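*Asks:* Mapping the sequence shown onto the UniProt record's numbering, position 69 (from 1) lands on 69, and the numbers just tick up by one.
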Amino acid sequence: MGEMAGALPERLAADLDQGFAELVQAQATGIRTYLLRLTGATAEAEDLTQDTFLRAYVALQNYSPARRRALRPRAWLMSIATNVWRNDIRNKSRRPVSAGRVEGAGDIWPDDRPGPDERALTSADRKVLVDALVQLPERYRVAIVLRHVAGMSYAEIAEVQDCPVGTVKAQVSRGLTGLRALLIPQEQSSKEVTM
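(1) If distances are taken between C-alpha atoms only, which option among Val149, Leu16, Gly40 and Val58 comes closest to Trp85?
(2) Taking its Cβ as the centre, do 16 or more other Cβ atoms sit within 10 Å of Gln27, making it buried, or is it exposed?
(3) Rounded to a whole number of angstroms, what is the C-alpha to C-alpha distance between Gly19 and Glu10?
(4) Report, in whole angstroms, the separation of the C-beta atoms of Glu159 and Arg72, which I expect to be a contact under 8 Å.
(5) Does the beta-carbon of Ala143 have 16 or more other beta-carbons within 10 angstroms, so that it is buried, or is it exposed?
(6) Using a 10 Å radius around the Cβ and a threshold of 16 neighbouring Cβ atoms, would you call Leu136 buried or exposed?
(7) So the candidates are Arg141, Ile184 and Leu183; which of them puts its Cα closest to the Cα of Ala170?
(8) Do you know how far the Cα of Thr42 is from the Cα of Arg180?
(9) Classify Ala45: buried if its beta carbon has 16 or more other beta carbons within 10 angstroms, exposed otherwise.
(10) Just to confirm, is the Cβ distance from Tyr34 to Ala75 under 8 Å?
(11) So Arg37 and Leu133 are supposed to be a Cβ contact under 8 Å. How far apart are they, rounded?
(12) Between which residues of its own chain and Val145 is the CB-CB distance below 8 Å, once the five residues before and five after are set aside?
(13) Where does Gln161 fall in DSSP's three states?
(14) Leu16 and Gln50: beta carbons closer than 8 Å?
(15) Leaving out five residues before and five after Val149 in sequence, what residues of the same chain have Cβ atoms less than 7 Å from its Cβ?
(16) Excluding the 5 residues preceding and the 5 following Met78 in the sequence, name in chain order all residues of the same chain whose CB lies nearer than 6 Å to its CB.
Right under this line is the structure:
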């Protein structure tokens, strides 16, 4: 992965079109997954992913080869995707759709349990988790998705968010606290029903 990360900016500098095709191939799934978690809707995530790569290509055309060579593709694309998503929200003047409409969530939150009962339980748990996630304020949601879905380091998230690492750690921590607060009442009410 390290060799690929270093080689990709070099290919972008040498041949933009070929390098960009490799960039899309290497990063599209991660960007789509990230945007799916932010929006809660597959079609919207697909549209925003395409917009992200379109904006990336236009930006790269204006970058010098030296600037392309210095690029950190994953963090750079996550920054663009975050801005595309924020602009989309602003343009639509609405909150992201309910996570109940998420498709393909099993690809994002892996399920290692084998049986159908466990799979159903995990699916229900996943829906509850995503419903809670979309209720969080944007700064916490973005930080949690970048950290726990995209698997980015705090330093990478700080680069994407253009803020100090300490701020990112606080956002992730506060976001997780907010998720717990949203999830615990639901867990307690389901236990009360079964008792």
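Virtual Cβ for every residue (Gly too), placed ideally from N, Cα, C. Note that the structure is predicted; figures quoted are calculated from it, not measured.
*Replies:* With the structure as the only source:
(1) Start at 1 with the first residue of the sequence shown, and residue 85 comes out as number 85. Of Val149, Leu16, Gly40 and Val58, the residue nearest in Cα terms is Gly40.
(2) Translated into positions along the sequence shown, residue 27 becomes position 27. So Gln27 counts as buried.
(3) On the sequence shown, residue 19 is found 19 positions in, with the first residue counted as 1. On the sequence shown, residue 10 is found 10 positions in, with the first residue counted as 1. Answer to the nearest angstrom: the Cα atoms are 8 Å apart.
(4) Position 159 of the sequence shown holds residue 159. Position 72 of the sequence shown holds residue 72. Rounded to whole angstroms, the Cβ separation of Glu159 and Arg72 is 7 Å, and the two are in contact under 8 Å.
(5) Counted from its first residue, the sequence shown places residue 143 at position 143. Answer is buried; the Cβ neighbour count reaches 16.
(6) The residue labelled residue 136 in the question sits at position 136 within the sequence shown. It counts as buried.
(7) On the sequence shown, residue 170 is found 170 positions in, with the first residue counted as 1. That would be Arg141, whose Cα lies nearest to the Cα of Ala170.
(8) In the sequence shown, residue 180 corresponds to position 180, counting from 1. In the sequence shown, residue 42 corresponds to position 42, counting from 1. Roughly 25 Å separates the two Cα atoms.
(9) Indexing the sequence shown from 1 puts residue 45 at position 45. Buried is the call here.
(10) Here residue 34 refers to the residue found at position 34 of the sequence shown. Here residue 75 refers to the residue found at position 75 of the sequence shown. Going by C-beta atoms, Tyr34 is not nearer than 8 Å to Ala75.
(11) In the sequence shown, the residue the question calls residue 37 occupies position 37. In the sequence shown, the residue the question calls residue 133 occupies position 133. Arg37 to Leu133, Cβ: 7 Å. Contact.
(12) The count along the sequence shown starts at 1 and reaches residue 145 at position 145. The residues are Tyr34, Arg37, Leu38 and Leu133.
(13) In the sequence shown, the residue the question calls residue 161 occupies position 161. If DSSP states are grouped into helix, strand and coil, Gln161 belongs with the helices.
(14) Position 16 of the sequence shown holds residue 16. Position 50 of the sequence shown holds residue 50. Taking 8 Å as the Cβ cut-off, Leu16 and Gln50 do not qualify as a contacting pair.
(15) Sequence index remark: in the sequence shown, residue 149 carries index 149 (1-based). Contacts found: Thr33, Tyr34, Arg37 and Ile108.
(16) Translated into positions along the sequence shown, residue 78 becomes position 78. Correct list, in chain order: Val160.
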